[in-house]
């Protein structure tokens, strides 16, 4: 038995597939060396002497996975929401992100973000930083210190942005290599590091072919994952087709540089306006779609065809997309995804059934969790990421079963409901 | 100068029209006898000696007006959300509401609701209770005790509902008269009562013509306001046309019984699938539309054409529609209304501009406030309904102006942000 072995006792609820929610009243979730050893009504003989953390009456769920967010945008979350994507980037996003050249400012701002993320339902996240290597490294250190698991990317961009927030092609690649070297020194490339670097071309409009080519080589040579944006907004998709006339489409504009799945683990945010052949490419390459419903409403982007993506076998998860999305609370991403899928069904295609509550919960846990390998469930061998949730904070005279309690937690819950939080077997709240 | 005269000092923000947001940094909002006497940078001579409640650094906004909610549904908010309207009514709503025949249960459940409403941004609400006169009167007493202003309706329904939750036509009218008599005895018909009865036919499918006719007469004879539902869901609209073949439409099914504005102040929830002539009738009769975006997503109803309703000069406000909507937080109604209006623009009609933040804030305060006469603004003579909001609870390294602070409060805020709350000049938090 591993040293870090214990059990948490409570009312257990987790997904094993989009349609299968497993529940167990007053049961033990066992952590054996940072991994989940299973859920038990009664502790098995071999675990009979382990410490038990008593969370009786609390809901125990896997940690939530936020597949896409921008840490530097957290400072202005909930403002400028009357703007559409491209004007919002120009007038708010780029000016603020440029300020992270000042590492002291970055630390101050990131401290607020990491404190809130630590308290939130999220245990793992895919994070965009800014173009600045130093500030990005600080963010990684802060996430590591507060016990979170994350892929964090220094952003690359060498065109179509203001002078004070644009790199040269060569400068961008050099800064990325410098950052990766610092990551190595800081231990973020180690096998067991919970915080890891990820190659992060902002999106096609921000990156020349030469930069994309260089980033593709870096991803391959270092065995790194990739994150970016794909088909978020109609104007953006049109712009990409002008910027990359030789590419077969938006997806291909990444794929031709080795930045679209296959050997390179990849997550793409949004995926609203994909053609059929692009969806097929995503499936073949195992590219993850990070569905960000709140952001897609705020920036007037539209509604991603989640049922279609799921039917085609594309790997999907949910995302806050801070600060296109305003809320860091992934419970809310679960209900936002359900709500917009109902509008998709009502307004766009009534052959595409809305996401059920079970499906959306699955996407926010095991679905997105697959990007971090075995994460987001309590099946044996999964990372021990666990939340203990006090759903009695939403008072009611009724007695609900575990499934209803979980559903109402998604609709009504927030950070204040979380009474304990574990990431890879380590308690951080 | 009236006895109840004081000022609150803080950063003031209120609407005078959908496009005009007035702000004043570190200013005084003066209450003179329960009414707002205006906003002043410096206290005028005549008020120089009044008590000042120092809320420096807090945002001061008018109270929020929730134009439509179901108090007995609060117990199961956030559950059963995978169902559509009519199946949700059958399988969840009616069985739970039937339980309010037990007045003790009703008091226990309503206590949770009124406690949460008191803490919420809402100062005034239009409330559906159940068919039970006794439980409804208790709810009115509890709202009154906690200092809220509200129209509260005993629900009427004599068809298309389960045996244990359906009245006879005569029984329904008699129970309503009994309830009104109790209201009179309890002082709820007095001129200055903040809690008042409102005639509440559930919706056309639940009420026979005979019942509607009787309710129309009661509203007229007692000078009471009316609330109901209108054009929420496509199946419901079709059902109404079968149930009321002689009516010119859903609106007319109320209008022909004197339950649709004119001399009878009326608010109708939802208003999603109105024909042009029905909108015109609403405008002529001064009927209020209670827009409930969250509920309309949850129950797969659709998106109300708010820009169209506003362009036509129809009086509009926002609503939580508990428990079709799960959240009692009217800040969220403001952002939900903006978000769905963006999807309306993107998916239904791109000639209808999304609601701006200013417009949606207006709808949640002064827009809906008009149903309570002069409410929802800090103009002179308005009811002194005020919130002091600590927006610093959403931490940021940036310094924002008042308008941005208000916007981020709508996106990020909740009951915990509210440090003081006044209704008609009386402090209740």
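Chains as they are written, first to last, in our numbering: chain A, 2 to 430; chain B, 2 to 430.
Backbone N, C-alpha and C fix where the C-beta goes; we use that ideal spot for every residue, glycine too.
In this text, all values refer to a predicted model and were calculated from it rather than measured experimentally.
State the CB to CB distance for the pair residue i and residue j, rounded to an integer number of angstroms; the pair is presumed to be in contact (CB under 8 Å).
i	j	result
residue 156 of chain B	residue 131 of chain B	6 Å
residue 70 of chain B	residue 322 of chain B	6 Å
residue 122 of chain A	residue 299 of chain A	Contact doesn't hold; Cβ gap of about 20 Å is too wide.
residue 147 of chain A	residue 170 of chain A	Not a contact, Cβ separation roughly 35 Å.
residue 149 of chain A	residue 404 of chain A	Contact doesn't hold; Cβ gap of about 28 Å is too wide.
residue 30 of chain B	residue 379 of chain B	6 Å
residue 66 of chain A	residue 373 of chain A	7 Å
residue 324 of chain A	residue 334 of chain A	The Cβ separation is near 14 Å, so there is no contact.
residue 406 of chain B	residue 60 of chain B	6 Å
Residue i: buried (16+ other C-beta within 10 angstroms of its C-beta) or exposed?
i	result
residue 304 of chain A	buried
residue 355 of chain A	buried
residue 176 of chain A	buried
residue 199 of chain B	buried
residue 186 of chain B	exposed
residue 266 of chain B	buried
residue 1 of chain B	Residue 1 of chain B cannot be examined here, being either before or after the span of chain B that is shown, 2 to 430.
residue 294 of chain A	buried
residue 173 of chain A	buried
residue 422 of chain A	buried
residue 297 of chain B	buried
residue 306 of chain B	buried
residue 34 of chain B	exposed
residue 417 of chain B	exposed
Can you tell me the Cα-Cα spacing of residue i and residue j, whole angstroms?
i	j	result
residue 99 of chain A	residue 166 of chain A	5 Å
residue 180 of chain B	residue 137 of chain B	8 Å
residue 119 of chain B	residue 430 of chain B	8 Å
residue 392 of chain A	residue 13 of chain A	13 Å
residue 344 of chain B	residue 3 of chain A	52 Å
residue 201 of chain B	residue 22 of chain B	34 Å
residue 141 of chain B	residue 195 of chain B	10 Å
residue 332 of chain B	residue 55 of chain B	23 Å
residue 235 of chain A	residue 342 of chain A	19 Å
residue 263 of chain A	residue 285 of chain A	8 Å
residue 160 of chain A	residue 207 of chain A	5 Å
residue 112 of chain B	residue 415 of chain A	22 Å
residue 58 of chain A	residue 390 of chain A	9 Å
residue 158 of chain B	residue 203 of chain B	6 Å
residue 291 of chain A	residue 268 of chain A	7 Å
residue 84 of chain A	residue 50 of chain A	58 Å
residue 281 of chain A	residue 247 of chain A	20 Å
residue 315 of chain A	residue 346 of chain A	19 Å
residue 252 of chain A	residue 229 of chain A	11 Å
residue 133 of chain A	residue 183 of chain A	13 Å
So what's residue i in DSSP terms, helix, strand or just coil?
i	result
residue 147 of chain B	coil
residue 384 of chain A	strand
residue 414 of chain B	coil
residue 326 of chain A	strand
residue 45 of chain B	coil
residue 378 of chain A	coil
residue 300 of chain A	coil
residue 171 of chain B	helix
residue 223 of chain B	helix
residue 165 of chain A	helix
residue 318 of chain B	strand
residue 12 of chain A	strand
residue 187 of chain B	coil
residue 353 of chain A	coil
residue 205 of chain B	helix
residue 31 of chain A	strand
residue 262 of chain B	strand
residue 81 of chain B	coil
Residues of chain D with CB under 8 Å from residue i, in chain order?
i	result
residue 340 of chain A	Chain labels in this structure do not include chain D; the protein chains are A and B.
**Request:** Count the CB pairs spanning the segment 62-78 of chain B and the segment 389-405 of chain A that are closer than 8 Å, and state whether there are at least three.
**Result:** Cβ pair count under 8 Å is three or more, so yes.
**Request:** Mind the definition here: the segment 9-23 of chain B touches the segment 355-371 of chain B only if three or more C-beta pairs lie below 8 Å; say whether that holds.
**Result:** Contact holds: three or more Cβ-Cβ distances are below 8 Å.
**Prompt:** Would you say the segment 83-100 of chain B touches the segment 25-40 of chain B, given that touching needs at least three Cβ pairs under 8 Å?
**Reply:** No: the two stretches stay apart, fewer than three of their Cβ pairs being nearer than 8 Å.
**Message:** Counting beta carbon pairs with one atom in the segment 271-288 of chain A and one in the segment 226-235 of chain A, are three or more of them shorter than 8 Å?
**Reply:** By the C-beta criterion, the segment 226-235 of chain A is judged to be in contact with the segment 271-288 of chain A, since at least 3 inter-stretch pairs fall below 8 Å.
**Asked** Three or more C-beta pairs closer than 8 Å, one from the segment 254-263 of chain B and one from the segment 210-217 of chain B: is that the case here?
**Response** Yes, since at least three Cβ pairs between the segment 254-263 of chain B and the segment 210-217 of chain B fall closer than 8 Å, the two stretches touch.
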